[in-house]
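Protein sequences, first through last, are from chains X and R. Numbered per the working numbering, the first sequence spans residues 1 to 181. Numbered per the working numbering, the second sequence spans residues 1001 to 1326. No residue lacks a Cβ here, since even glycine has one placed at the ideal position from N, Cα and C. I have placed the structure first, in the form of structure tokens, so that the comments after it can refer back to it.
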Amino acid sequence: MNDPSAASPGQLPTIPPLVAIAMRPLPLLPLQFALGGVLQRIHRRNPAMFDRLGDHARARFGIKPIDLPFAFVVEARPPRLSVVRELPKDLDARISASLANLLALLEGRVDGDALMFSRELVVEGDVEAVLALRNAIDDAQLDLATEVSSLFGPLGAPARRALEAARGRMIGSSGQGESSR
Amino acid sequence: MMELICPAGTPAALKSAIDAGADAIYCGFADETNARNFPGLNFSRDEMRKSIALAHGRGARVLVAINTFPRASAVDIWHRAVDDAVSAGADALILADIGLMDYTARRHPNQRLHVSVQAAAANPDAIAFYAENFGARRVVLPRVLSVPEIAEITRESACETEVFVFGGLCVMAEGRCSLSSYATGKSPNMQGVCSPPSHVTYEQTADGTKSSLGGFTINRFAMSEPAGYPTLCKGRFSTAQGAGYIFEDPVSLDATTLLRGLRDAGVTALKIEGRQRGRAYVESVVRHFRHALAALESGSEADIASLKPFTEGQASTLGAYRKNWR
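Dropping the structure here:
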């Protein structure tokens, strides 16, 4: 029995710092508009997902990709998303990780506890709310390429193929499980 | 071949376990009747019914864990869980409390019963008690036994034996640990939560991360140091003898290399811990052990993935299976 691996979940790539710097001047409103649409769509298609949040359905989560010059504030009920340069102080919880790890978590391709063990996921604030969110998302079996490509109307099919290719480059075809082989 | 018993905290994880080759999946209701009562986790009654039907359609079985100890003033909650699991078509109930076993054996005499690891049945006499009085068909052995001890118990017992092969470890006899209760007022035995997340805080400092439970500092991890769960048993403490992990290191059990010994010991089923883990964990760990079991049967060398990325503290142990203490 070999031990080929030892690859950790954190081997997913990060955004190069120069690219992140180049993104700094970009306006945030178009991104907020687009991602807000994705969240609304996820909410419509997965109503049970938000039931799993229970008492935390109205919590405000700050999501900080550590390799991007902006962050997200997300609320589940009603579904709201804002893109901000800095996270506000009055959040219920903050979650930080690389963009690739956050996207892989959203699709259930990596295990949140494993990312905590390897120190690639940082949680602050209401841990119970974060756990409820993680479990709700993991059960929802989200496919971000499908969700995002829906914004492209008649160009949805080619957009989906492009997004799937981009996802493959960023987080691999099956995330943590395969990366550990 | 030994059966592979796999965890599922959500219906999606149950599907992942089946896809990865589980013979049976164990799961519980979203309440205090099961020992993984974490927020956003577990199954509604409707989800349980549908998941059991799905599993049966795919040739897998579902074992419903009702393995906490009923509170005196609220026994009905546990009785209802038993009745609902039976009517949902559960292939077996995993129980820890003798009162609940008695209820189940009387009310549902044809229902297959398994003795939960939470019952801490660690010798042939204890196991015989469950088998003779309640008709228990299988016992999940506590994680305090060596492989030779498991072989001896299995030989002397009328019950099938099931043992853990991967996942979190408890240092205490299961079902009898009060460390979480001491710090938070809640325990896996009564409320189904060890170190409830409502009482956990992580604080980022200049030196790394400080984890606390119920106001007690559990650990301080340097920036790149692998971390573990915020449980008292895996806390790092300062004592007169020095600082360190005085109860247990933050490591996960991995008995992949002991499968042959467990099979020769007469073990019927291998269990993977981790109903609180995500689909990625379930898929990868179940696939790993499915490949390892296939290799064991064929006598070949298995080319399987390392499970290190999924282990607590990024480290594994053979635990008590290779015991060199008493």
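Under the three-state reduction of DSSP output, I15 (chain X) falls in the coil class, being neither helix nor strand.
Spanning the alpha carbons of H1288 (chain R) and V1115 (chain R) requires a straight line of approximately 26 Å. Bounds of any beta strand (DSSP E) do not take in G1057 (chain R); it lies within the alpha helix (DSSP H) bounded by R1045 to G1057.
Listed in chain order, the positions of the segment 1308-1322 of chain R with a beta carbon within less than 9 Å of a beta carbon of chain X are K1308, P1309, F1310, T1311, E1312, G1313 and Q1314. In this structure, the straight-line span from the alpha carbon of A1227 (chain R) to that of R94 (chain X) is close to 18 Å. At a cut-off of 8 Å between beta-carbon atoms, G1028 (chain R) makes no contact with chain X.
The residue from R:N1067, R:G1235 and R:C1027 with its alpha-carbon nearest to that of G1192 (chain R) is R:N1067.
The alpha helix (DSSP H) runs lying completely inside the segment 1212-1285 of chain R and spanning 4 residues or more are 1259-1264, given in chain order. Between V1286 (chain R) and A1022 (chain R) the beta-carbon gap is near 5 Å, inside 8 Å, which marks them as a contact.
Within a 10 Å sphere around the beta-carbon of L1259 (chain R) sit 16 or more other beta-carbons, which makes this residue buried. In this structure the segment 1263-1281 of chain R lies against the segment 1150-1161 of chain R, because at least three pairs of beta carbons, one per stretch, are closer than 8 Å. A straight-line Cα-Cα distance of about 30 Å links T1217 (chain R) and V1282 (chain R).
When the Cα atoms are used, S1180 (chain R) and P17 (chain X) turn out to be separated by approximately 43 Å.
Here I1127 (chain R) is actually not in contact with A1120 (chain R); their C-beta atoms are around 11 Å apart, not less than 8 Å. Around the beta carbon of M1001 (chain R), fewer than 16 other beta carbons sit within 10 angstroms, so the residue counts as exposed.
Closer than 8 Å to the CB of Q1204 (chain R) there is at least one CB belonging to chain X. Membership of V1115 (chain R) in the beta strand (DSSP E) is indicated by the continuous run L1113 to V1115. Looking from the CA of R1277 (chain R), the closest CA among X:K89, X:L115 and X:S150 belongs to X:L115. Contact annotation: F1310 (chain R) and N1189 (chain R) have beta-carbon atoms that are not nearer than 8 Å.
Three or more Cβ pairs closer than 8 Å define a contact, and the segment 1200-1220 of chain R falls short of that threshold against the segment 1146-1154 of chain R. Using a CB distance below 7 Å, the part of the segment 1036-1064 of chain R facing chain X consists of F1038, P1039, G1040 and L1041, ordered along the chain.
Chain-order list of chain X residues neighbouring G1228 (chain R): F117, by C-beta distance under 8 Å. For K1015 (chain R), the uninterrupted alpha helix (DSSP H) segment begins and ends at P1011 to A1020.
With a minimum length of 4 residues, the unbroken runs of alpha helix (DSSP H) contained wholly in the segment 94-127 of chain X fall at 99-106 and 112-117.
Taking the beta carbon of G54 (chain X) as reference, the chain R residues within 8 Å of it are P1039 and G1040, listed in sequence order. The beta carbon of F152 (chain X) sits closer than 6 Å to the beta carbons of A159 from its chain, once the five residues preceding and following it are set aside; these are given in chain order.
Within the same chain, Cβ atoms closer than 8 Å to the Cβ of R85 (chain X) are found at L28, P69, F70 and A71, the five residues on either side in sequence being excluded. The residues R1143, V1144, L1145 and S1146, in chain order, have a CB closer than 7 Å to that of A1320 (chain R) in the same chain once the five nearest residues on each side in sequence are set aside. For P1148 (chain R), there is no enclosing beta strand (DSSP E); the enclosing alpha helix (DSSP H) has its first and last residue at V1147 to E1156. Per DSSP, the unbroken beta strand (DSSP E) holding A71 (chain X) starts and ends at A71 to E75. The secondary-structure analysis by DSSP pairs P1007 (chain R) across a beta bridge with R:Y1026.
The segment 71-81 of chain X and the segment 28-43 of chain X touch, with three or more beta-carbon pairs separated by less than 8 Å. In the three-state scheme derived from DSSP, where H, G and I count as helix and E and B as strand, V130 (chain X) is classed as helix.
Close partners of R109 (chain X) in chain R (Cβ separation under 8 Å): A1280. Boundaries of the beta strand (DSSP E) harbouring V84 (chain X): R80 to V84, taken from the DSSP string. Assignment of beta-bridge partners to R45 (chain X) by DSSP yields no partner.
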